[in-house]
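Report on one structure; see the data block that follows.
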């Protein structure tokens, strides 16, 4: 009698490499590493088909700690390397790990074009609003006024919004989560993985050394339920401990308003329902900031289009075999030729 | 070769009343006009007809950087030079024997190149007061005696074209655009060229607007008929340039960019790898991207990246993924790729970087040629970061060099920089087509065995690390730009290890010297009075000059280096066997510096950085001057 052995259930540890993790104790990156390993275990991902590509920065050490193929590249360029890997072998499952400096400062150009091209990779941007590896300078996502070794009088620049950048670049999948929200993060990463095309996930990550608690205003346990809204496609946009708060369009305008159910005659029917294919709504959700609004987390936008690789494959006949010597000879002789007789 | 030779006979017979056709060994013709006059296209057709007539030839397109410079200005002048002959032709020629000037600006810019006593064919119809003023002539050069040193054919080509083309129902403006074909027709008559290939080409090109095809063909025929019937000045007859002795085989004309693209395709195929080509548009390198993009097949992927850096990074990513990654640019773009090339050196991944050099520094003169990126290729990176450098000498040579680059890159797991230049990329020459079946393949073997695997396991002979590609079970590994431990491949900051890794990277590249051919002598003996040592596109000019000087009885040799880094193992000894070494370069002495520093050899540089290729005469004069010194 044949016994079918069920495949052994994979555990997060199966995706950990033998390398000792060397982030600062208490760094948010540990939690993201754990969530990613759990995601891959839940998906039953094949380690040999999985590739992590990173640039430079604290987050970019990530590939060393994954039991998968990994390429730790140069500052800001990970999306371009990832694109090349997909062009060489579109069957690989490629993850890009980057940070706010790596992805939005030195590498902003590549991030923009990789999103626009819709290369089928998952891009995880660890946003801690600071340069960690170079010891604490302000980053392109730092709030105006951030004091750092390079801005002793406070940063005088406006920060870039990672999500708004991704929308502007034509990203078709934009999501957000928080390092410490393990369950939420795993679900978001699974959605990103399922999406064909470039998926962009901004992960708010705490730098315990240089920018500790910069997100505490919406991530601290005491405020989280009031300061966060977890969006879900087809569900009303409600938040709050009592689930009695929500978002609606302010009457007569195209701007959002945070309201309380039961006050001013507002009922749940007045609230907006999340539609992740609606780019306009996604923009408004991404722009929300405390104290007047909660921070939107989850899949803000998901509207698939054919990926770069799929469109490229459509231009060539995949069934065509590799060129033989005689094909090559014919290629060389294409066009006008003449023969000199001996 | 024949049909065209027969035509020549026929032609001569038909007009036996006239002076018979004069026989010439070789001729240099230069077409010049406004960039809107279709000069490059005209030259291309003439090159094809000339190849079909059995002459050997070399061409040099010399066009402005401006896409459409204001009409009639000197900076909008576009020129195309062709040297063809009954003997082997290796350069596009020194001074033109014939200059076709389709407007005053072309005359203004190009006249200084014309040989004294050379033939000027001028479109008088374009010599209007307005055009003369735009070209910066105070007086009409056709009337002030300033052209007395030349022979002239003054024709109102514009008017003759209008008459020929307008009958086809075109507007005046459209009809006038056929004047390049009229001029071409006349030149075809002069050299007894067969028009059929051009007629066929025009018919294909204007398949969607047959009226334009007809008008252009009418202009071509009218120009030809003018030559046959018109009263030419007494000293001007038609000419015969007999077919050259050319090795039997199948030929096509090819530009350096086309042959480079074909070499990459064949090279990747010989390695058994997918070709992934990432590039960003830049003059004069873009045509390699265009040539490859036109060959859309399974196994050939081209990508126009968002910038030079993304282009090289995608290529390196592709090599990590198991393809052969190639990127292509010109000097300024290669500068941007430098950091990524360093990663490919550290991660020991194969990569081919094409540099179609142009005149610099900075933007310099993008459409003008130079060889000034040799230092950049050999030394131009942070840290001790050796790689291999090759140089192509001619348009057709790009094919072989591209294949060699992929062979070295994959065998030694290293980036290889290939130096070409604007002259090679754009120039065309007849190419005897190789049979791919006769080229030795060099299939890549990926690592598949997980037993005792680590990513930096080396082949004891080549020192190349193993190539384990994603998708292979059991070989999951992480690499990057951080220094690796020699034995485990893990990150290491150990002092002795860095020394060891730096040494092994250097030894690996140095070892390539044992895998490449010994340096040969192109022309002349293996010792003697003077060796002329070149690299890249100076090949033709050096070759012509050495030939001429040898014919005068001097013991001079020509050595041309393909493998710039590492240099061939016998080169030092070879160069020491000559009394003097002359190194002509289109830079201020870069190969000369390398030879001096590597061999402690007192080489004598000959430098030219005018954006124009060397002339044979310039190198000949330099050789003779050295020989004079020596005696």
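Chains as they are written, first to last, in my numbering: chain A, 63 to 404; chain B, 3 to 633. In this text, a Cβ means the ideal position worked out from N, Cα and C, and glycines have one as well.
Nearest-angstrom Cα distance between residue i and residue j?
{"i": "residue 160(B)", "j": "residue 189(B)", "result": "16 Å"}
{"i": "residue 389(A)", "j": "residue 349(B)", "result": "34 Å"}
{"i": "residue 639(B)", "j": "residue 526(B)", "result": "Nothing about residue 639(B) can be reported from this structure: the residues present for chain B run from 3 to 633 only."}
{"i": "residue 76(B)", "j": "residue 360(B)", "result": "21 Å"}
{"i": "residue 326(A)", "j": "residue 317(A)", "result": "18 Å"}
{"i": "residue 86(B)", "j": "residue 383(B)", "result": "42 Å"}
{"i": "residue 324(A)", "j": "residue 305(A)", "result": "12 Å"}
{"i": "residue 262(B)", "j": "residue 193(A)", "result": "43 Å"}
{"i": "residue 13(B)", "j": "residue 289(B)", "result": "Any reading at residue 13(B) must be qualified, since the residue scores a pLDDT of 41, below 50, and its modelled position is unreliable; no value is offered."}
{"i": "residue 70(A)", "j": "residue 374(A)", "result": "37 Å"}
{"i": "residue 397(A)", "j": "residue 47(B)", "result": "14 Å"}
{"i": "residue 625(B)", "j": "residue 519(B)", "result": "27 Å"}
{"i": "residue 633(B)", "j": "residue 556(B)", "result": "Note on residue 633(B): pLDDT 43, under 50, position unreliable in the model; no value is reported."}
{"i": "residue 281(A)", "j": "residue 262(A)", "result": "21 Å"}
{"i": "residue 362(B)", "j": "residue 392(B)", "result": "20 Å"}
{"i": "residue 135(A)", "j": "residue 156(A)", "result": "14 Å"}
{"i": "residue 241(A)", "j": "residue 414(B)", "result": "42 Å"}
{"i": "residue 116(A)", "j": "residue 273(A)", "result": "22 Å"}
{"i": "residue 367(A)", "j": "residue 235(A)", "result": "10 Å"}
{"i": "residue 382(A)", "j": "residue 299(B)", "result": "8 Å"}
{"i": "residue 125(A)", "j": "residue 64(B)", "result": "50 Å"}
{"i": "residue 603(B)", "j": "residue 536(B)", "result": "15 Å"}
{"i": "residue 401(A)", "j": "residue 68(B)", "result": "38 Å"}
{"i": "residue 461(B)", "j": "residue 416(B)", "result": "13 Å"}
{"i": "residue 516(B)", "j": "residue 568(B)", "result": "9 Å"}
{"i": "residue 400(B)", "j": "residue 254(B)", "result": "15 Å"}
{"i": "residue 496(B)", "j": "residue 506(B)", "result": "15 Å"}
{"i": "residue 62(B)", "j": "residue 143(A)", "result": "38 Å"}
Return the first residue and the last residue of the alpha helix (DSSP H) that residue i is part of.
{"i": "residue 73(A)", "result": "Per DSSP, residue 73(A) belongs to no alpha helix (DSSP H) and is neither H nor E."}
{"i": "residue 375(A)", "result": "370 to 377"}
{"i": "residue 253(A)", "result": "244 to 256"}
{"i": "residue 60(B)", "result": "From DSSP, residue 60(B) is part of no alpha helix (DSSP H) but of the beta strand (DSSP E) over 58 to 64."}
{"i": "residue 546(B)", "result": "541 to 553"}
{"i": "residue 97(A)", "result": "90 to 105"}
{"i": "residue 41(B)", "result": "41 to 54"}
{"i": "residue 153(A)", "result": "Unbroken run through residue 153(A): none, as it is neither H nor E."}
{"i": "residue 217(B)", "result": "212 to 231"}
What are the boundary residues of the beta strand (DSSP E) that includes residue i?
{"i": "residue 290(A)", "result": "290 to 293"}
{"i": "residue 355(B)", "result": "353 to 359"}
{"i": "residue 587(B)", "result": "580 to 587"}
{"i": "residue 181(A)", "result": "Counting along the chain, residue 181(A) falls outside any beta strand (DSSP E), and DSSP gives it neither H nor E."}
{"i": "residue 32(B)", "result": "28 to 36"}
Any heavy atom of the ligand COA within a distance shorter than 6 Å of the CB on residue i?
{"i": "residue 550(B)", "result": "Absent from the structure shown: the ligand COA. Ligands present: none."}
Pull up the CB-CB distance for residue i and residue j, whole angstroms please, since I reckon it's below 8 Å.
{"i": "residue 427(B)", "j": "residue 258(B)", "result": "4 Å"}
{"i": "residue 94(A)", "j": "residue 270(A)", "result": "About 14 Å; that fails the 8 Å criterion."}
{"i": "residue 79(B)", "j": "residue 60(B)", "result": "The pair is not a contact, with the Cβ atoms about 21 Å apart (cut-off 8 Å)."}
{"i": "residue 206(A)", "j": "residue 219(A)", "result": "7 Å"}
{"i": "residue 289(A)", "j": "residue 352(A)", "result": "5 Å"}
{"i": "residue 160(A)", "j": "residue 223(A)", "result": "At roughly 16 Å, the Cβ-Cβ gap does not stay under 8 Å, so residue 160(A) and residue 223(A) are not in contact."}
{"i": "residue 331(B)", "j": "residue 282(B)", "result": "7 Å"}
{"i": "residue 472(B)", "j": "residue 151(A)", "result": "7 Å"}
Those runs of the beta strand (DSSP E) which lie wholly inside the stretch 463 to 528 of chain B and span at least 3 residues: Runs found: 480 to 482.
Segment contact, 8 Å Cβ cut-off, at least three pairs: the stretch 69 to 76 of chain A with the stretch 95 to 115 of chain A: Enough Cβ pairs lie closer than 8 Å, so yes.
Segments of 3+ residues assigned as beta strand (DSSP E) that fall wholly inside the stretch 300 to 375 of chain B: Segments of the beta strand (DSSP E) lying fully in the stretch 300 to 375 of chain B: 302 to 306, 326 to 331 and 353 to 359.
At least three beta-carbon pairs within less than 8 Å, the stretch 185 to 202 of chain B to the stretch 221 to 233 of chain B: Enough Cβ pairs lie closer than 8 Å, so yes.
Sufficient close CB pairs (3 or more, under 8 Å) joining the stretch 269 to 282 of chain B to the stretch 300 to 318 of chain B: Under the Cβ criterion (8 Å, minimum of three pairs), the stretch 269 to 282 of chain B counts as touching the stretch 300 to 318 of chain B.
Touching by the beta-carbon criterion (3+ pairs, under 8 Å), the stretch 419 to 434 of chain B and the stretch 227 to 245 of chain B: The stretch 419 to 434 of chain B, when compared against the stretch 227 to 245 of chain B, does not touch it at the 8 Å Cβ threshold.
Contact between the stretch 214 to 233 of chain A and the stretch 164 to 182 of chain A (3+ Cβ pairs under 8 Å): The stretch 214 to 233 of chain A vs the stretch 164 to 182 of chain A: in contact.
Any alpha helix (DSSP H) of 4 or more consecutive residues that is wholly inside the stretch 570 to 629 of chain B: Entirely contained in the stretch 570 to 629 of chain B, the alpha helix (DSSP H) runs reaching 4 residues are, in chain order, 573 to 578 and 592 to 601.
Alpha helix (DSSP H) runs contained entirely in the stretch 387 to 469 of chain B, provided each spans 4 or more residues: Segments of the alpha helix (DSSP H) lying fully in the stretch 387 to 469 of chain B: 399 to 414 and 424 to 428.
Validate contact between the stretch 130 to 141 of chain B and the stretch 168 to 178 of chain B using beta carbons, cut 8 Å, 3 pairs: Cβ pair count under 8 Å is below three, so no.
Any 3 or more C-beta pairs closer than 8 Å across the stretch 133 to 147 of chain A and the stretch 470 to 484 of chain B: Output reads yes: the stretch 470 to 484 of chain B touches the stretch 133 to 147 of chain A.
Start-end ranges of the beta strand (DSSP E) lying completely within the stretch 291 to 335 of chain A, minimum 3 residues: The qualifying runs are 307 to 311 and 318 to 322.
Inter-stretch contact (C-beta, 8 Å, three-pair minimum) for the stretch 570 to 580 of chain B and the stretch 541 to 551 of chain B: Contact fails: fewer than three Cβ-Cβ distances are below 8 Å.
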